[in-house]
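Chains as they are written, first to last, in this note's numbering: chain A, 36 to 389; chain B, 31 to 543.
We put the CB at the ideal spot given by N, CA and C, even for glycine.
Just so we're clear, the structure is a prediction, and the values are computed from it rather than from any experiment.
To keep things clear, I will list the structure first and then write my remarks on it.
In C-alpha cells, the structure reads:
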C-alpha cells in the first residue's frame, strides 16, 4: 500500500532547524527587542530600569497566566480588567471602612485577612463566569462581557465614582502593612515580581505535570472527546475561570497597594493586553494549544516594547500601532509553524511505509 | 442504451491520503442519459471518486476527460460550471435559512446583481417541489424539516442547477419508501432528458432496479464494470467482497464466563415523542462478543451513550458484575470497567490536536498520578507497551494523532480504552473508515480480548461483519431489539428482516450503512 508518496525517508535537517526557529520565535523576538533597546535607549540596561520594567510586566503577566488557561480551554475572559478594578475597590473599602455589621459594630481586618477576602472576591466573580458558561450555556465571550460591565459598575458604585485615597491602614487593626504589598520586596525585588515568578512556576507545573493541566488541554482540543474520556469538562472550565479571577484579584491588590489608593477605573483594557500576551506566546484562540512560558515571554515582549519606546521618546500613539502590528505578525508566523509542523509529522509517518 | 454517449470519463485516477490509498488507477465513465451505478463497501473509495469529479478533492495522479478534453476542477464552482452537480451524502444545508434560500445559495437570483429576487426564488423553489411531488413550503426553515425532507431540499438544490451530470451519493438513506418512489420517477425523467446520473447506494436491489451501468469498487480499485443487464445481487456481492472473502480471524475457541453486564428495560425518550431506545434488555457474558446490527437511526449509538451516562433522562438499569451501574459521570463508569470506542473518531474518539501519547492516556491519567503529580516516565512506558502490543505504526508517540491513518488512529483509540482496564468494551462501528488490513487487525484484537475474558458489545451496519465476528447477534430497529441470533446459526435474511421491523414496507434484503 505504498504508492507514489511524496519523497519520504530523506532526513529533514532543514525543516527541523526551521521548525526550531519558529518554535522559539517569541523568544527570538524578545531577544531582538531587548538587544535593540539596549543599543538604542540609554540607561535601558541599568539594574534599576530592569526592575522597573519587570514590575510593569509582572501585572500583565499575572493576568495573562490566568487568561492562557482560559483560552486553552477554548474560552475567553474579558472580565479580568474589571475584576482588577473591583478587587482594588474592595481592598480599599476594607482598609478604610472595614465591614459594618449594622448592629453598631464595625469589623476591621488585618492585612492578611484583607488579602484573603480580596482573592476570594476575584474567585467568586470567576465562579460566576464559570457558572454562566457551564450551567447556563452562555458563550464565554458574552458571559464575561456581561461580568465586565457588572464588575466595573459595582466598582464605580462602591465609591460613587470617587477614589479611595490614603490606604495607609491602621496599626491598631494590623492593616498598616497593606502598603508593603506594593512597596517592599525581598532581596531588592518587589513582591509583584516574586508573585509573577511563583505563579509562572506553579502554572507551568500545573499545565505540564498534573492531570488537571492535561484535562485543560483536552477540553480545548475536543470537548466532546474529552467528556467521553471521563474528563469532567464543567469542573475544568470552572477551575480556569476561577483561576483567572484569582490572578486578577492579585493584580488588583498589588495596584491599590502600590498607589496607596484605589480608583474604580483601574484595569480598563487590561484584558486586551493579557489576551495579546497569550496570543503572542503562541496560545491558539481556538483552544487546545498554548504554553505558560510562551505567555510570559509574550508579556515581556509587549512590556519591553512599551517601556523601550517610551525611553526613546516615541509617541504613545505609535506605540499602539506597533503593538498591533507585532501581534498580527505573531499570529501569521504561528500559522506557518502549524503548517510546517503538520507536514513534518506526516512525512515522518509516510517514511514508516504506511 | 449501450450506445449512449460518454459525458465524462476518468482515466488512471489515483488519490493518496496520508496513510491510505483511496483510489488506485481507477477508470470510470459517466454515460449520458443513463443511470451509472457505483457500489462498494464503506471505505472502498466511492465518495472519494465522486468528490474528485465534483471538484471537492483533486487527484494525486490521473485525469478527468470531458468530451475528450482533459479538465481540471480546482473547486466545486469550476465543476458546476461544466454542468456537474452533486448531492452529498452528508447534508450540506443551512438550517437557519429557508428552503428557497438554501436551494439558491451561492447562485442567488438577483436584480442588478445586488437585490435578491426572493419572489422569483420562491416561485422556482415551489416549482421544484412540485416536480418532486412534495409540499414543502419555500419559506420553511430547513432546520425545522425532517431529515427526509431535508434530503428532498438537497435534491431540489441539485436539480435547480440543470446539471448535465448529476451525482447522487446515497440519496435514499433518509427517505421513506414512497419518497424513494418519487425520487426514482424524477431520476427516470432526468434520464429521458439526457442527464448522466451517477448513483451511489448500499441498497443493492434498488441499484439493480434503476441502474443502466454498474461499476463495483473495492479498496480503491475497480473490480467489475458492465451494463446492468443480467446483474444480480450475488454478482455484486462477489465483486464487492472479493472471491476470497475477508478473513475475519475465526473464533478463538474459549468458554464464556459468568454474566458480567446486563441492561434491564432501558428507555430513552425521543424529543417530540416516541422512544429512541425502547425497552431494551440484554445480558453479556465474560468472553462473549455480541454484535448489534441495525440500520442508521435504530438507536444503537444512543444505547451505548446511555451505558456511558450521556443521557440523564434514560430510565432502566445497567448492572456490572451484579452491582447496579449507577455512577452519574463518565469517569465513574470508566472506573467501574466500561470503555467506549465511539463511532466518530474525529469528534468523539480522539483529540486531534494532542499527541498520540496524550490521547492514549487521557482516560486513565489517575493511574500515573501520585497525589497531583503526573509521572510522565510511567506514562510514556505504558504507551510504548500498548503501541507495541497493538502493532500501531507510529513514527513517534509525540506526534499529533492527526498524522496517523484511520486504522492506526482507531488502534490508538482501542489502546486508550484498554488502558482503563475495562471489563466490558463498547465498540461503535469499530471498522468505520479504516482499510481492509487494519480492519482485520482490529477484528483479531477483538477476538484476542474476548479470549482474555472481556465482554465485547459492538455495533455495526455491515452484515458480513456482524455475521462473522459475533458469538451472538442482536438486531435493533426503531429503538427496540427485534431479533436475537446465535452467531453459528444466524441467517442473513432473518437478520435483515428483523432490522426492518417497524419500517413501512419490508424489503426482502436491504443492506445499509
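Residue 199 (chain B) has B:230 as its beta-bridge partners, per DSSP.
Interface annotation, residue 399 (chain B): in contact with chain A, CB-CB separation under 7 Å.
Contact annotation for residue 402 (chain B) against chain A: 241, 244, 245, 246 and 247 [CB-CB distance below 9 Å, chain order]. In the displayed model, residue 187 (chain A) falls within a helix according to three-state DSSP. Just measuring C-alpha positions, the residue of A:247, A:256 and A:263 sitting nearest residue 270 (chain A) is A:247. Here residue 189 (chain B) carries a helix assignment [DSSP, helix/strand/coil]. Every beta strand (DSSP E) stretch that sits fully inside the segment 359-398 of chain B and reaches 3 residues is listed by chain position as 368-371.
Scanning chain A for C-beta atoms nearer than 8 Å to the C-beta of residue 384 (chain B) yields 252, 253, 256 and 323, reported in chain order.
Distance from the CA atom of residue 78 (chain B) to the CA atom of residue 372 (chain B), rounded to whole angstroms, is 23 Å.
Residue-level contact check: residue 260 (chain A) touches chain B, since one or more beta carbons of chain B fall below 7 Å from its beta carbon. Judged by their CB atoms, residue 117 (chain B) and residue 179 (chain B) are not nearer to each other than the 7 Å cut-off.
For residue 81 (chain B), the closest of B:63, B:40, B:61 and B:427 by C-alpha to C-alpha distance is B:40. The C-alpha of residue 368 (chain B) lies about 25 Å from the C-alpha of residue 406 (chain B). Where residue 246 (chain A) is concerned, there is no enclosing beta strand (DSSP E), although the alpha helix (DSSP H) around it starts and stops at 246-256. Here residue 378 (chain B) is buried: its Cβ has 16 or more other Cβ atoms, across all protein chains shown, within 10 Å. Not flagged as an interface residue toward chain A: residue 126 (chain B), since no C-beta distance is shorter than 7 Å. The beta carbon of residue 132 (chain A) sits closer than 8 Å to the beta carbons of 141 from its chain, once the five residues preceding and following it are set aside; these are given in chain order. Taking C-beta atoms as the reference points, residue 329 (chain A) and residue 383 (chain B) fail to come closer than 7 Å. For residue 159 (chain B), the uninterrupted alpha helix (DSSP H) segment begins and ends at 148-161.
Beta-bridge annotation (DSSP): residue 504 (chain B) is paired with B:322 and B:514.
The C-alpha of residue 336 (chain B) is placed about 11 Å away from the C-alpha of residue 359 (chain B). From the listed residues B:249, B:128 and B:398, the smallest Cα separation to residue 149 (chain B) is found for B:128. The residue among B:345, B:459, B:319 and B:285 with its C-alpha nearest the C-alpha of residue 310 (chain B) is B:345. Note: residue 96 (chain B) is bridge-paired with B:38 and B:99 in the DSSP secondary-structure output. Close partners of residue 370 (chain A) in chain B (Cβ separation under 9 Å) are lacking, with about 14 Å as the shortest Cβ gap.
The DSSP-derived three-state label of residue 91 (chain B) is strand.
In the DSSP assignment, residue 309 (chain B) falls within the unbroken beta strand (DSSP E) covering 305-315.
For residue 360 (chain B), the residues of chain A that pass the 9 Å Cβ criterion are 262, 263, 264, 265, 266 and 267, in the order they occur in the chain.
Residue range 327-347 is occupied by the alpha helix (DSSP H) that includes residue 342 (chain A). Around the C-beta of residue 387 (chain B), 16 or more other C-beta atoms lie within 10 Å, and the residue is accordingly described as buried. Contact between residue 230 (chain B) and residue 395 (chain B) does not hold, since the beta-carbon distance rounds to 43 Å and is not under 8 Å. In this structure, DSSP gives residue 169 (chain A) a helical state, which the three-state scheme calls helix. Chain-order list of chain A residues neighbouring residue 378 (chain B): 259, 260 and 263, by C-beta distance under 7 Å. The three-state secondary structure of residue 141 (chain B), taken from DSSP, is strand. Residue 112 (chain B) carries a coil assignment under DSSP once its states are collapsed to helix, strand and coil. Chain A places no beta carbon closer than 7 Å to that of residue 53 (chain B), leaving this residue out of the contacts.
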